[in-house]
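FYI, in the working numbering the residues of the sequence shown are 2 to 189.
No residue lacks a Cβ here, since even glycine has one placed at the ideal position from N, Cα and C.
In what follows, a single structure is set out as structure tokens and then discussed.
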Amino acid sequence: MGTRRWILWQGLIAPSMERFIVGTSGDGFELSGLILQAHEDAPYVLRYRVEVDGGWRTRNVEVELEDGGQRRLNLTADGEGNWSHDGQRLEQVAGCIDIDLEWSPSTNTLPIRRLGLAPGATKSVTAAWVRCPSLDVERLEQSYERPADRRYRYRTGRFTADLVVDDDGMVLQYGVNWKAVATSGGLG
């Protein structure tokens, strides 16, 4: 990898921490993370790796969840809205460009970078949403509004979160859910 960023997020509602790394990889970027999460009084460890192309469109997703056992999810996307899992086409997320990992603020960076919204603009998108801890994949309608530089308003259904991002589009504050407690590096 060339240029890299590191972020450590602290969960503000559920006991949780996430170590996140994003860096250049070939013609695109690779995002990876390790999440320690308490959910319904059970401890979970979630590891993920997401490959995106130079336009921040999701191409490959690997998720591994440990909860006493171990489960894995591998998804492939062509960047044009076609997704597959173990060679089987995923019709329920046809047309989705972005992946959204339920327990992580990291994947909000993908539409933020891909859309390149000007201040005052809003755009609706549909993401392939990986639910946690089930690892089910669902379609998720969402919108991003950019009220000011380095600020976004994320909406899906009745849920709204105000996001604060840095100059690289990385989330520093995710509403009342997550807060970056340490960062280093840069994408340049």
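Rounded distance between the beta-carbons of residue j and residue i, thought under 8 Å
i: arginine 60; j: glutamine 93; result: With 8 Å as the limit, arginine 60 and glutamine 93 do not qualify as a contact, their Cβ atoms being about 19 Å apart.
i: leucine 74; j: valine 182; result: So it is not a contact: roughly 28 Å between Cβ atoms.
i: leucine 145; j: threonine 123; result: For the record, residue 145 in the displayed sequence is tyrosine; it is not leucine. The pair is a contact, with the Cβ atoms about 7 Å apart (cut-off 8 Å).
i: arginine 156; j: aspartate 163; result: With a Cβ gap of about 10 Å, arginine 156 and aspartate 163 do not count as contacting.
i: isoleucine 14; j: valine 177; result: 7 Å
Separation of residue j from residue i, as counted between CA atoms
i: glutamine 174; j: alanine 119; result: 20 Å
i: leucine 111; j: aspartate 28; result: 15 Å
i: alanine 78; j: glutamate 31; result: 14 Å
i: tryptophan 7; j: leucine 188; result: 10 Å
i: valine 23; j: arginine 114; result: 13 Å
i: proline 148; j: arginine 154; result: 7 Å
i: phenylalanine 21; j: tryptophan 84; result: 24 Å
i: asparagine 109; j: glutamate 103; result: 10 Å
i: leucine 116; j: valine 53; result: 14 Å
i: aspartate 99; j: serine 107; result: 12 Å
i: aspartate 68; j: glutamate 41; result: 12 Å
i: histidine 86; j: glutamine 11; result: 31 Å
i: threonine 184; j: glutamine 89; result: 38 Å
i: alanine 43; j: glycine 82; result: 34 Å
i: leucine 76; j: arginine 132; result: 14 Å
i: leucine 47; j: aspartate 169; result: 24 Å
Same chain, Cβ closer than 6 Å to residue i, five either side skipped, listed in chain order
i: arginine 50; result: Ser33, Glu63
i: tryptophan 130; result: Asp101, Glu139, Leu141
i: valine 172; result: Pro106, Asn109, Leu164, Val166
Of the listed residues the options, nearest to residue i (C-alpha basis)
i: glycine 186; options: Leu37, Trp179, Gly176, Asp167; result: Asp167
i: serine 125; options: Glu103, Ser135, Leu136, Cys97; result: Cys97
i: glycine 80; options: Leu91, Arg72, Trp57, Glu65; result: Trp57
i: glycine 55; options: Gly69, Arg48, Val46, Ser26; result: Ser26
i: glutamine 143; options: Phe160, Pro134, Asp150, Arg132; result: Phe160
i: proline 134; options: Val172, Gly70, Ala95; result: Gly70
i: lysine 1; options: Asp150, Ser105, Thr4, Arg48; result: As shown, the chain starts at 2 and ends at 189. That puts residue 1 outside it, with no answer to give.
7 Å CB neighbourhood of residue i in its chain, flanking five on each side removed
i: arginine 72; result: Leu66, Leu136
Neighbourhood of residue i by C-beta distance below 8 Å, restricted to the same chain and skipping five residues each side
i: alanine 202; result: Outside the displayed span of the chain (2 to 189) sits residue 202, for which this structure offers no information.
i: aspartate 150; result: Pro120
i: threonine 4; result: Gly24, Thr25, Gly186, Gly187, Leu188, Gly189
At what residue ranges does the stretch 94-168 contain a whole run of the alpha helix (DSSP H), taking only runs of 4 or more? 110-116
My parser needs the beta strand (DSSP E) runs of 3 or more residues fully inside the stretch 18-89; what are they? 29-40, 43-53, 59-67, 71-78, 84-86
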